[in-house]
Structure formats: C-alpha cells, structure tokens
Amino acid sequence: MVQVPRGTRDFTPEEMVKRQYLEQAMTATFSSFGYQQIQTPSFEHVELFTAKSGDAIINELYAFTDKGGRQLALRPELTAPVIRCYIERLQMEPKPLKVFYFGNCYRYDRPQKGRYREFQQAGCEIIGAGTPEAAAELLALAYSLLQNAGLQTIHLNIGNLTLVKSLFKKLRLVHDDQKTLLPFIDKGQFEDLKVALRDCGVSEQETTTCLQLLQTPDLSDIREFLRGDTEAEKELSVMETILELLQNAFAVKDYSLKLSIVRGLDYYTGMVFEIDAPVLGAEKQLCGGGFYELIPLLGGTAVPTAGFAVGFDRTILALEAEHFVFPASRLDVYVVPVNPEMVPQAIQIVQQLRSTGLSVDFDVLQRGIGKSLKYAAAKQAHTVVIVGPKELENNSVTLRDMDTGAQQTMAISALQTMLDKK
Numbered sequence: 001m002v003q004v005p006r007g008t009r010d011f012t013p014e015e016m017v018k019r020q021y022l023e024q025a026m027t028a029t030f031s032s033f034g035y036q037q038i039q040t041p042s043f044e045h046v047e048l049f050t051a052k053s054g055d056a057i058i059n060e061l062y063a064f065t066d067k068g069g070r071q072l073a074l075r076p077e078l079t080a081p082v083i084r085c086y087i088e089r090l091q092m093e094p095k096p097l098k099v100f101y102f103g104n105c106y107r108y109d110r111p112q113k114g115r116y117r118e119f120q121q122a123g124c125e126i127i128g129a130g131t132p133e134a135a136a137e138l139l140a141l142a143y144s145l146l147q148n149a150g151l152q153t154i155h156l157n158i159g160n161l162t163l164v165k166s167l168f169k170k171l172r173l174v175h176d177d178q179k180t181l182l183p184f185i186d187k188g189q190f191e192d193l194k195v196a197l198r199d200c201g202v203s204e205q206e207t208t209t210c211l212q213l214l215q216t217p218d219l220s221d222i223r224e225f226l227r228g229d230t231e232a233e234k235e236l237s238v239m240e241t242i243l244e245l246l247q248n249a250f251a252v253k254d255y256s257l258k259l260s261i262v263r264g265l266d267y268y269t270g271m272v273f274e275i276d277a278p279v280l281g282a283e284k285q286l287c288g289g290g291f292y293e294l295i296p297l298l299g300g301t302a303v304p305t306a307g308f309a310v311g312f313d314r315t316i317l318a319l320e321a322e323h324f325v326f327p328a329s330r331l332d333v334y335v336v337p338v339n340p341e342m343v344p345q346a347i348q349i350v351q352q353l354r355s356t357g358l359s360v361d362f363d364v365l366q367r368g369i370g371k372s373l374k375y376a377a378a379k380q381a382h383t384v385v386i387v388g389p390k391e392l393e394n395n396s397v398t399l400r401d402m403d404t405g406a407q408q409t410m411a412i413s414a415l416q417t418m419l420d421k422k
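Going by the numbering used here, the letters in the sequence shown line up with residues 1 to 422, in that order.
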C-alpha cells in the first residue's frame, strides 16, 4: 500500500471544515483592514531564497533542476515570492500597498507536532508605509487576526532590532560577535548568553546590564543606557508612539516589550514582534514579523516594508487545544424520491433549491426512506424533502425537520419560502 509521504498529511472533510473556517475568518479580518489577496507560484528560482536567507537554506529546500536546466525550489515561505511579485509587477501601484496571502510551503525538516514538511502559511505585507501608525496597525491586525479566529489567550511580544544593534554597539561588539550571540538571545538561553558575552570581552557589569535590558518591559531603562546615541533615541521615540497608538487607539493592551525578540534574519530592521499561544507549551509561537529591508536585496527600489506570517496549522492546533467549537458543516436539504418514477421530479426540486444557494443532495442509490433518513442524519442535514406519488398528485412534498423529527406536507411552490425561514 502506498502511504502519504513523511511530513505531509491528508485532510478529511471534517478536518477541511476547520481549515476552511480559519481561512474565511482570516480573510474577513485582512479585508477589514484594507488588505487585498495575492497569490504566487508554488515554486521559484532557488536564488530567490538564497538571496533572502543565505546558502544555508539550501539544505532545507525541496530543490530540483527542471528539464530546461533551471535551478528551482518549492517555496519554503511566502514573503520572498510576494516581494519578487511586487518588484516584477506592482512597483508602480499607489502606496501603501497592502496584500495578504495563503499558500502551501515546503521545507525538508524533521517532522514533529505542529511542524510539517508541507504546511500552510498565512501572512501579509504592507509596502510603502514606515510610519508609527502603520506599525501600530500592523500589530493590531496580527492580534485581531488570531483573536477574531476564536483564540482566547494569546500574547503579543514586541521588540526592536535597531535598539538591539545600538545595545551591541554600546558594548563594542563586532559583527562576528553579534552573529554568535543572536541565537542565544533568540532562544532565550540567557545563561549561555552570559558566558558568550564574557567570551566576547564584555565586562561583568555590562553583561549583567545587557541581560537586564534584553528582558526589561520598560523603555525608560533602555533609554537611560543608550543615552547619547542619536539613532537609538530617535527609535525609542518612534517605539513610544507605536505603543501608545497600539494601546490607546487600537485598544490592544495585552502586549509586552521584549528586546530579546531578534527574528534571526539579517534583513529585519526596527520593530519586530511575535504572538504566542501559551496553550501550546514549548511550540507556542503562532505569528512573527516586523519591518525589513528585502526589496533592494532582490533588485527593487527601497521603500519601507513590513509584514508577518502566521502558522496556519499551528493556529488550528491552538484552537483545538482551547476546545474551540468550530462551526459545523451541515447539509441544508436532502431530497428522497420514494421510488424510481419519482427521480425526475426529485431532481427538478433539487436543482430549484440549489439555484437559490442552498446546499442540496439527493438519494442516488434508491435506498428507500428508512436508509435515506439514516444517511441524511449522518450528513447532518437540516431538512429532508420526501417526494412521493400521492403528494405529487397535489404538487406537494413531505418536509421532515431532522432536528425535531416533525413532518408536514407542503406545496412545492411554498417549499422555498419555508426553507428560507429555517
């Protein structure tokens, strides 16, 4: 027997109900913030991803050479393809440009709970707006996206890479030192970070101060340490405005300042953020993003750019862990012809109801009323319409409410009105 490839999954109709619900909920939130949907190819030139993330990513790619000798790869994420599309086709569009997307991505990674080799990603980009209000709205969008989907407990952590770089500069850390330290900061391994800072020649006192600032929720502590750094002071003022707008204008209050968010990618700059779902334990991060400088790297004209990606699969896991009740997928009407002679008339009723937007199925196996009712119950049909010869003589049918079991005879001409009321 041929089985599904490792790290991939099949989705049953029941599971697809959850996925369709989440995509529709997210689409509604993206649209309410003025974003428009975009779609890019499932595979791109390998150089698109190495330009963004470096050659090290090649080991994580599903890369191949096509029949024309081109080096291609299934996309491991969606930001680079979207920016490639912007540079190629959308640079002349009015700014800011707000786009969102859903799509399957592929990484040759070790499969584990919440992490697959084929996975769906949702996300968005705002291109051409680098103001504090644009940043605050992006944070509010990410928070609203998960909250509106039904999650009860999420936490927003906000960092700033410009401030982290100023902190490194104050500690006289060279670029190679920073590359060594970033993984420890990103993973919250502060004991290891302490040792690494000492190895980089940072004094005991400065090491203690650095660890405190990376974990402090207070911008004033950071401002005091970086006093005299013009770039840092300017960025602190911007951050204060962003946080004030986020809390007072967008009414998002459940957030924390956390400089230890470093996002690990060289092209991020300024404000960065992550959103966690504590119910998931160690693998709790659902969303991450911020401001970045990728457009010039891929050959476009530099403009302020920000965005975020959401782990679609992990969001479903979080909803399930919180015992969220997903909307049920129910059939509106199931039509049962009593005998073979009733089939043509039954199909006409089916088509009439379908034309009004109802979901309608009918018995194609001529099973009889008893088995048909059992099948309708299994499909969670709201209503069964029984088409029999005696009723048809009077242009009527029998209507059965599957929730209450109540039945009534009704004129076919009144059928649509009755079903609209249900």
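Using N, Cα and C, we set each Cβ at its ideal position, and we do this for glycine too.
Computed from a prediction, not measured in an experiment: that's the story for all the values here.
The Cβ atoms of residue 149 and residue 25 sit closer than 8 Å to each other.
Using a 10 angstroms sphere on the CB of residue 195, the tally of other CB atoms stays under 16, which defines it as exposed.
Between residue 261 and residue 246, the alpha-carbon positions lie close to 18 Å from each other. Annotation note: the stretch 289-350 contains the following uninterrupted alpha helix (DSSP H) runs of length 4 or greater, listed N- to C-terminal: 312-321. Counting along the chain, the unbroken beta strand (DSSP E) around residue 400 starts and ends at 396-401.
Taking the C-beta atoms as reference points, residue 127 is found nearer than 8 Å to residue 86. Contact holds between the stretch 8-20 and the stretch 319-336, because three or more Cβ pairs, one in each stretch, are under 8 Å apart.
Around the CB of residue 407, fewer than 16 other CB atoms lie within 10 Å, so the residue is classed as exposed. C-alpha of residue 256 to C-alpha of residue 384: approximately 53 Å in a straight line. A distance of 8 Å or more separates the beta carbons of residue 315 and residue 293. For residue 225, the uninterrupted alpha helix (DSSP H) run begins and ends at 219-225, by DSSP. Taking a 10 Å sphere around the C-beta of residue 84, we find 16 or more other C-beta atoms and assign the residue as buried. The stretch 96-104 and the stretch 75-83 touch, with no fewer than 3 CB-CB distances between them shorter than 8 Å.
If you keep only unbroken alpha helix (DSSP H) runs of at least 4 residues inside the stretch 161-202, you get 161-170, 175-186 and 190-199.
Cβ-Cβ separation between residue 44 and residue 73: approximately 6 Å, consistent with a contact (criterion under 8 Å). Within the same chain, and ignoring the five residues on either side of residue 321 in sequence, the residues whose Cβ sits closer than 7 Å to its Cβ are 279 and 280. Cβ contact annotation for residue 311 (same chain, cutoff 6 Å, sequence separation greater than five): 286, in chain order. Rounded to the nearest angstrom, the gap between the Cα atoms of residue 107 and residue 116 is 8 Å. For residue 256, the secondary structure class from DSSP, reduced to helix, strand or coil, is strand.
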